[in-house]
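One structure is given here, and the rest of the page talks about it.
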Amino acid sequence: MGNLPIFSEHGVAFERAIVKHFQTRIFVPDDYVVEYGDTGLEMFIIKDGACRVTTGDGKVELAFLKAGDYFGDIDMILGVRRIAAVKTITYCTLLVLKR
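In terms of the working numbering, the sequence shown opens at residue 349 and continues consecutively.
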């Protein structure tokens, strides 16, 4: 987790403390991880697999995410609504941190 700026800025002791709070979730292809407009109460790190970030209607792809990428951190910290949807492309194992 040291390569994630949101955690690395706070040092090893913080990383060791926060890692205990992550849960593992497994998603099948074409599952929505987050939907546009949902309140952001979780952040996600992709352990395995790939996801697509799209506009709310799903018509425009905004980003492609793969193992090692993360999303939802700002929404989780601020507790704001999601401004995009994230849908799995493949089977995915995600590490989830709740607010």
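A virtual CB, placed ideally from N, CA and C, is assigned to each residue, including glycine.
Quiz item: If you draw a straight line from the alpha carbon of D378 to that of D396, how long is it in whole angstroms?
Solution: As a position in the sequence shown, residue 378 is number 30, starting the count at 1. As a position in the sequence shown, residue 396 is number 48, starting the count at 1. Going from the Cα of D378 to the Cα of D396 covers about 15 Å.
Quiz item: Where are the alpha helix (DSSP H) runs, 4 residues long or more, that stay fully inside the stretch 372-426, in chain order?
Solution: Qualifying alpha helix (DSSP H) stretches, in chain order: 421-426.
Quiz item: Between I374 and the rest of its own chain, which residues show a CB-CB distance below 6 Å, the 5 nearest in sequence each way excluded?
Solution: Residue 374 sits at position 26 when you count from the first residue of the sequence shown. The answer, listed in chain order, is T441.
Quiz item: What is the DSSP secondary structure of V434, counted as helix, strand or coil?
Solution: Position 86 of the sequence shown, counted from the start, is the residue given in the question as residue 434. Here DSSP, grouped into helix, strand and coil, assigns V434 to strand.
Self-check item: Buried or exposed (CB count within 10 angstroms, at least 16 for buried), A415
Solution: Stepping through the sequence shown from its first residue, residue 415 is reached at position 67. By the 16-neighbour rule on beta-carbons within 10 angstroms, A415 is exposed.
Self-check item: Rounded straight-line distance, which links the Cα of A398 to that of I437
Solution: As a working mapping, residue 437 is identified with position 89 in the sequence shown. As a working mapping, residue 398 is identified with position 50 in the sequence shown. Computed Cα separation, rounded: 6 Å.
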